[in-house]
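Worksheet: one structure, shown below.
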Amino acid sequence: MLVTLFVAGTVMVAVPVTYLALKDYPPVRALQSALVQETGKLLGKLPNHQTNGQAGSNLSAPLGAVGGVAAVGQGLQTGGQKPTTSEEMRIVDQAVAQLQSGLEKDPSNTTLHNRLGMIYAEIGEMPEAEAQFKQAILLSRAKLSDLYTKIQVKRLEGDLAAASSMMLNVSSIQLDLSSAHSNLARVYEKLGDSQRVVKQLDELNRDVVIGGGLASGTIKASDKAVAKPAKASPEIVAGLARAEALMQVGRMLDAGRELRTLLAVAPDLAEAHELLGKTGMATNNFFLARREFEEAARLEPTKASYFSSLGFIYDRSGKKAKAMEAYQQAYKLEPKNAVNAFNLGNAYAANNQNSQATNYFKQAIELNPNLASAHNNLASMYSMAGNYEAAIKQFEQAIYLAPQMASAHYGLGLAMYNLKDYAGAAMSFKQACLLNPNLIDAQAKLQVCQRKATRSI
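Letter by letter, the sequence shown follows residues 1 to 457 of UniProt numbering.
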């Protein structure tokens, strides 16, 4: 009774888009909203990462050899003297008040956050300094993500002048981001927290790539698109973006031509092989999809999404053993990814290994309680084991999360039917038929339930 509605859906192969985890702050929420809208229009939610925060974007931002680079233009001064006179304290208070007033008018101003953080650090108020530098980092990341997406859009539109102008803004924001990271590292150094010093410098390496060229910024926007190779040329980046945009609007053949052109000059571009494989899936060309996913996995054997996609293709081709191997490899690479656990649960269920399937569905729910398909399939496992009460709870949760899931309504009806709750079962079967008229068994059982419910009155 395992429902396959979500076995053949995008959840099998999609890497969830991971956006910046920002504070509940109105200007940041506005930036994030704009980012989602722009991305949804052109780049789309293509298989990435992500996600976890992670949910598993599997994306590696390009790393630069930054090491212990100090902040450029702004830096936390070490060895400075704290104000000792009342006059000096008044000067500091006035400066803080002026900066705070500026932030009330422009709360997303990263330069003001950095300046306020440096004043707090100078007078020894390290928690306040830390908060300001962290806010500067979060806001800078959001602004850069927004800019990178807009630059990609302008490139796709052929407006290179506008894209170039936006690149100048990128360098200014990167300056604030570098300053915030390095100053925060110095705060941690003052506090004697060497681990957080190293972590902060590592984040600086990831956020600001030295020697990668301005084009690396568009690569860096990996929360919204498929990861680009760390050393990709601007032409390759633009080609991948065009292919993604064509796929988003359903022009799979055109996207395929774009990707084949890219692969002619960059045959080892795993991302292009993955996208070409997805065009094969979308057009039911499973031979193309399998070949391209296998090549992507060969070129980049540490990326879980390639194996997840391979598992799906193998499963659709009837190669159950190879599908199991692919799903196991995806899970091995990313055990904290709910989709990988869910896919592996489906593979075990297809082999009638229901105990193992149940465990992986439970794990998927633990990792992502909002994964309706996992609740649905766990409920199916419970029903097959005769545990109808537990099945009902899981089906109800699946329906709560995804009210249009016909399979969950049908499964709920079956569980109620087996508990002889014919009136409740009839309601569930009726809803399932409304959502999916092709559920013949639901129609038949609806009639049976209606007769039994009438007799019991």
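Quick reminder that beta carbons are idealized off the backbone N, C-alpha and C, glycines included.
Keep in mind it's a predicted model, so treat the numbers as computed, not measured.
Exercise for the section: Would you kindly work out how many angstroms separate the C-alpha atoms of Leu-177 and Lys-430, rounded to a whole number? Expected result: Here residue 177 refers to the residue found at position 177 when the sequence shown is read from its first residue. Here residue 430 refers to the residue found at position 430 when the sequence shown is read from its first residue. Looking at the two C-alpha atoms, the distance is approximately 56 Å.
Exercise for the section: Determine the DSSP secondary structure at Arg-251, reduced to helix, strand or coil. Expected result: Locating residue 251 in the sequence shown gives position 251, where the first residue counts as 1. Arg-251: coil per DSSP, three-state reduction.
Exercise for the section: Please specify which runs of the alpha helix (DSSP H), each continuous and at least 4 residues long, are wholly inside the region 98-132, giving them in chain order. Expected result: 110-122
Handout entry: Distance between Leu-259 and Pro-437 (C-alpha atoms, nearest Å)
Key = Position 437 of the sequence shown holds residue 437. Position 259 of the sequence shown holds residue 259. C-alpha separation (whole angstroms): 39 Å.
Practice task
Report the residue ranges of all alpha helix (DSSP H) runs contained in full by the region 129-200; include only those spanning at least 4 residues, in chain order.
Solution key: 160-190
Handout entry: Buried or exposed (CB count within 10 angstroms, at least 16 for buried), Tyr-327
Key = On the sequence shown, position 327 is the one that residue 327 refers to. So Tyr-327 ends up on the buried side.
Exercise for the section: Decide yes or no for the touch test of the region 186-198 against the region 271-286: beta carbon pairs closer than 8 Å, at least 3 of them. Expected result: With a cut-off of 8 Å, the region 271-286 and the region 186-198 do not count as touching, because too few Cβ pairs lie within range.
Practice task
Can you give me the Cβ contacts of Ala-406 inside the same chain, cut-off strictly under 6 Å, excluding the 5 residues immediately before and after it?
Solution key: Along the sequence shown, one-based indexing puts residue 406 at 406. Excluding the 5 residues flanking it on each side, Ala-406 has same chain C-beta neighbours closer than 6 Å at Ala-432, Leu-435, Asn-436, in chain order.
Practice task
May I ask you to report which of helix, strand or coil DSSP gives Gly-318?
Solution key: By one-based count along the sequence shown, residue 318 stands at place 318. Coil, per DSSP.
Handout entry: 7 Å Cβ shell around residue 522 - same chain, five flanking residues per side excluded
Key = Residue coverage of the chain in this structure runs from 1 to 457, which leaves residue 522 outside it and unanswerable.
Handout entry: Spatial neighbours of Tyr-415 in its chain, beta-carbon cut-off 7 Å, leaving aside the 5 residues before and after
Key = Residue numbering aside, residue 415 sits at position 415 when the sequence shown is read from its first letter. The sequence given here places Ala at residue 415; Tyr does not occur at that position. Excluding residues within five positions, the ones whose Cβ falls inside 7 Å are Ser-383, Tyr-388, Ala-391, Ile-392, Phe-395.
Practice task
Name the two residues that bound the continuous alpha helix (DSSP H) containing Pro-337.
Solution key: Mapped onto the sequence shown, residue 337 falls at position 337. The displayed chain sequence assigns Asn, not Pro, to residue 337. Note, Asn-337: premise wrong, no alpha helix (DSSP H); not H, not E.
Handout entry: At least three beta-carbon pairs within less than 8 Å, the region 242-250 to the region 263-271
Key = no
Exercise for the section: Reducing DSSP to helix, strand and coil, say where Asp-421 ends up. Expected result: Translated into positions along the sequence shown, residue 421 becomes position 421. The answer is coil: DSSP assigns Asp-421 none of H, G, I, E or B.
Handout entry: Residue-level contact to chain D via CB, Asn-436, 7 Å cutoff
Key = Here chain D cannot be found, since the structure has a single protein chain.
Practice task
Identify, in the order they occur along the chain, each residue of the same chain with its Cβ nearer than 6 Å to the Cβ of Ala-162, setting aside the five sequence neighbours on each side.
Solution key: Within the sequence shown, numbered from 1, the residue matching residue 162 stands at position 162. So the list reads Lys-154, once near-sequence residues are dropped.
Exercise for the section: State the DSSP-derived secondary structure class of Gln-404, mapped to helix, strand or coil. Expected result: Here residue 404 is taken as the residue at index 404 of the sequence shown, counted from 1. Three-state result, Gln-404: coil.
Handout entry: Check whether Ala-282 and Met-252 have beta carbons under 7 Å apart
Key = Taking the sequence shown and counting its residues from 1, the one referred to as residue 282 is at position 282. Taking the sequence shown and counting its residues from 1, the one referred to as residue 252 is at position 252. Closer than 7 Å, so yes.
Practice task
Find out if the Cβ-Cβ distance for the pair Leu-367, Ala-338 is shorter than 7 Å.
Solution key: Looking up residue 367 in the sequence shown gives position 367. Looking up residue 338 in the sequence shown gives position 338. Their beta carbons are under 7 Å apart, which means Leu-367 touches Ala-338 by this criterion.
Handout entry: Cβ-based burial, Tyr-400 [other Cβ within 10 Å; buried from 16]
Key = The residue given as residue 400 occupies position 400 in the sequence shown. Result: exposed.
Exercise for the section: Taking all protein chains shown into account, decide if Lys-445 is buried (16 or more other Cβ within 10 angstroms of its Cβ) or exposed. Expected result: The residue you call residue 445 lines up with position 445 of the sequence shown. Label assigned to Lys-445: buried.
Exercise for the section: To the nearest angstrom, report how far apart Gln-132 and Lys-150 are at their CA atoms. Expected result: To locate residue 132, count along the sequence shown from 1; it is residue 132. To locate residue 150, count along the sequence shown from 1; it is residue 150. Per the coordinates, the alpha-carbon of Gln-132 lies some 27 Å from the alpha-carbon of Lys-150.
Handout entry: Environment of Phe-361 [buried if 16+ CB atoms lie within 10 Å]
Key = For the purposes of this step, residue 361 is taken as the residue at position 361 of the sequence shown. Under this definition Phe-361 is a buried residue.
Problem - Environment of Ser-305 [buried if 16+ CB atoms lie within 10 Å] - result: Sequence index remark: in the sequence shown, residue 305 carries index 305 (1-based). With 16 or more other Cβ atoms from the protein chains shown falling within 10 Å of its own Cβ, Ser-305 counts as buried.
Practice task
Using alpha carbons as the reference points, say which of Glu-334, Pro-369, Asn-377, Asn-370 lies closest to Ser-355.
Solution key: For the purposes of this step, residue 355 is identified with residue 355 of the sequence shown, where counting begins at 1. Out of Glu-334, Pro-369, Asn-377, Asn-370, Asn-377 has the C-alpha closest to the C-alpha of Ser-355.
Practice task
Just the C-alpha distance for Tyr-120 and Asp-202, rounded to the nearest angstrom, thanks.
Solution key: If you number the sequence shown from 1, residue 120 lands on position 120. If you number the sequence shown from 1, residue 202 lands on position 202. Approximately 24 Å between the Cα atoms of the pair.
Exercise for the section: Just tell me which of Glu-292, Val-170, Gln-135, Gly-280 has its CA closest to the CA of Met-247. Expected result: Sequence index remark: in the sequence shown, residue 247 carries index 247 (1-based). Checking every option, the nearest Cα to that of Met-247 belongs to Gly-280.
Handout entry: Simplified DSSP state of Ala-266, which is helix, strand or coil
Key = If you number the sequence shown from 1, residue 266 lands on position 266. In this structure, Ala-266 counts as coil in the three-state DSSP scheme.
Problem - Residues of its chain near Asp-254, where Cβ-Cβ distance is below 8 Å and the 5 sequence neighbours each way are ignored - result: Position 254 of the sequence shown, counted from the first residue, corresponds to residue 254. Around Asp-254: Leu-246.
Problem - Of the listed residues Glu-235, Val-197, Gly-250, nearest to Lys-278 (C-alpha basis) - result: Looking up residue 278 in the sequence shown gives position 278. The candidate whose alpha carbon is nearest that of Lys-278 is Gly-250.
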